[in-house]
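*Asks:* One structure, pasted below without further comment.
Protein chains in written order, with the working numbering: chain A, 22 to 95; chain B, 49 to 305.
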């Protein structure tokens with residue numbers, strides 16, 4: 022059965038750590054990092070490989086820092 | 049099933065979503081979690097999908113989004129406080145083949161610019177008005193706006209808005225829906241993926257109406273102001289669902305086809 026795998030790339034220097042993406046993710050892939058970026062915000066990061074590439078996080082991100090990729094795995 | 053690495057997924061042919069090129073690379077000046085960023089992106093994505101970015105003129109307001117021209121990579125003009133619909137009227141009448149929209153907050157559109165808004169809507173100018181309503185003057189320090197809810201605290205109503213002394217909140221969207229010049233009046237939000245998709249459809253419909261020269265389309269976006277409301281972005285979104293939506297219900301208010 023074909024399975025869909027996704028991945029997101031977060032521009033951590035532009036992330037403001039608002040957490041709006043976290044409830045939007047159906048698989049709880051995103052969490053806030055303990056580290057801070059150049060502006061002093063705790064940025065969002067991926068914590069597991071369950072991403073399905075639904076792009077929910079990217080379309081609610083107010084700063085548009087998330088890029089989404091999706092691939093069908095046979 | 050063979051394992052797949054992240055590098056194999058991160059290929060250009062697998063790209064599903066990235067920030068549109070119509071937004072500049074400058075970091076947005078908005079607070080973390082502010083709905084303005086999402087609203088900017090929705091408008092720019094619609095322009096890109098319709099392929100009209102080179103014939104669109106946007107009018108920036110005064111308020112938090114005063115610097116919208118820094119972020120939107122299209123032709124923009126900044127208007128005096130509240131006068132964006134008047135400027136948009138002139139721009140559209142002088143350039144009838146261009147797409148013209150205004151992007152305004154509630155202090156700009158519903159307070160200082162009430163007359164301009166109502167008369168532009170009543171004349172039925174063929175423009176699009178994007179109205180971001182967060183119930184507060186965000187940029188100047190969270191003062192009470194006409195759209196502030198009854199009992200809502202702000203820096204000029206520290207004990208909550210008392211409707212007997214401070215008046216009732218203004219539902220400007222319902223007000224202008226009564227006017228014959230408006231063709232499409234809707235209220236949306238941008239706090240969840242489903243709402244973002246609905247808002248994008250509404251903005252698309254508004255620009256399609258302008259393409260067909262039908263009249264004025266008005267899209268209200270109920271948004272949060274976590275700094276002004278003194279909450280975290282997630283709390284502000286929950287507060288918005290709980291308190292703003294009962295007073296400002298989402299959905300189409302007027303659709304004339």
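Glycine included, every Cβ here is placed at the ideal spot set by N, Cα and C.
#1: Please compile the residues from chain A whose C-beta is within a distance smaller than 7 Å of the C-beta of residue 306/B.
#2: If you follow the beta strand (DSSP E) that residue 100/B is in, where does it begin and where does it stop?
#3: My output table needs one value for residue 77/A: the three-state DSSP class, helix, strand or coil.
#4: DSSP three-state call for residue 48/A: helix, strand or coil?
#5: List the residues that DSSP assigns as beta-bridge partners of residue 264/B.
#6: Let me make sure I understand the geometry here. Which of 232/B, 55/B, 160/B has the alpha-carbon closest to that of residue 70/A?
#7: State the Cα-Cα distance for the pair residue 97/B and residue 219/B, rounded to the nearest angstrom.
#8: Closest to residue 240/B by CA distance: which of 58/A, 90/A, 93/A, 82/A is it?
#9: Does any heavy atom of the ligand COA sit closer than 7 Å to the C-beta of residue 157/B?
#10: Run through DSSP, which three-state label would residue 235/B get?
#11: Using a Cβ cut-off of 9 Å, pull out every chain A residue sitting near residue 63/B, in sequence order please.
#12: Determine the DSSP secondary structure at residue 105/B, reduced to helix, strand or coil.
#13: Name the residue from 223/B, 199/B, 228/B, 175/B whose alpha carbon lies nearest to the alpha carbon of residue 215/B.
#14: Could you spell out the range, first to last residue, of the beta strand (DSSP E) harbouring residue 31/A?
#15: Give the single residue among 280/B, 63/B, 176/B whose Cα lies nearest to the Cα of residue 259/B.
#16: With the cut-off set at 8 Å, would you say residue 222/B and residue 160/B are in Cβ contact?
#17: Could you check the C-alpha separation between residue 55/A and residue 40/A for me, to the nearest Å?
#18: With 8 Å set as the bound, which would you pick, yes or no: does the beta-carbon of residue 135/B sit closer than that to a beta-carbon of chain A?
#19: Would you identify the three-state DSSP class for residue 65/A, choosing helix, strand or coil?
#20: Starting from residue 253/B, trace the alpha helix (DSSP H) both ways and give me its first and last residue.
#21: Taking the straight line between their C-alpha atoms, what separation do you get for residue 328/B and residue 60/A?
#22: To the nearest angstrom, how far is it from the Cα of residue 235/B to the Cα of residue 249/B?
#23: Going straight from the alpha carbon of residue 196/B to that of residue 290/B, what length do you get?
#24: How long is the line joining the alpha carbons of residue 147/B and residue 137/B, rounded to whole angstroms?
#25: In angstroms with no decimal places, state the Cα-to-Cα distance between residue 270/B and residue 237/B.
#26: Could you tell me if residue 211/B is buried or exposed, where buried requires 16 or more neighbouring beta carbons within 10 angstroms of its beta carbon?
#27: Using a 10 Å radius around the Cβ and a threshold of 16 neighbouring Cβ atoms, would you call residue 133/B buried or exposed?
#28: Taking the Cβ atom as the reference point for each residue, do residue 92/B and residue 108/B lie within a distance shorter than 8 Å?
#29: Pick from 57/B, 113/B, 173/B: whose alpha carbon is nearest that of residue 78/B?
#30: State the start and end residues of the unbroken alpha helix (DSSP H) segment that holds residue 58/B.
#31: Could you work out which residues of chain B lie near residue 62/A, taking near to mean beta carbons separated by less than 8 Å?
#32: Compare the C-beta of residue 52/B with all C-beta atoms of chain A and state if any pair is closer than 8 Å.
*Replies:* Looking at the atomic coordinates:
#1: Missing from the structure shown is residue 306/B; chain B here goes from 49 to 305 and no further.
#2: Unbroken run through residue 100/B: none, as it is neither H nor E.
#3: helix
#4: When secondary structure is reduced to three states using DSSP, residue 48/A falls in the coil class, being assigned neither helix nor strand.
#5: Its beta-bridge partners are 230/B.
#6: 55/B
#7: 31 Å
#8: Here the closest residue by C-alpha is 82/A.
#9: Annotation note on the ligand COA: not contained in the displayed structure, which lists no ligands.
#10: Residue 235/B: strand per DSSP, three-state reduction.
#11: 88, 89, 90, 91
#12: strand
#13: The candidate whose alpha carbon is nearest that of residue 215/B is 199/B.
#14: Taken as a continuous stretch (DSSP letters only), the beta strand (DSSP E) holding residue 31/A covers 24-31.
#15: If we check each option's Cα against that of residue 259/B, 176/B comes out closest.
#16: no
#17: 13 Å
#18: no
#19: strand
#20: 241-259
#21: It is not possible to answer for residue 328/B, since the shown part of chain B is limited to 49 through 305.
#22: One alpha carbon belongs to residue 235/B, the other to residue 249/B, and they sit about 12 Å apart.
#23: 15 Å
#24: Their Cα atoms are separated by approximately 11 Å.
#25: Roughly 5 Å between the two C-alpha positions.
#26: exposed
#27: buried
#28: no
#29: Closest option to residue 78/B, Cα to Cα, is 113/B.
#30: Note, residue 58/B: premise wrong, no alpha helix (DSSP H); not H, not E.
#31: Residue 62/A reaches chain B at 80, counting residues in chain order whose Cβ is nearer than 8 Å.
#32: yes
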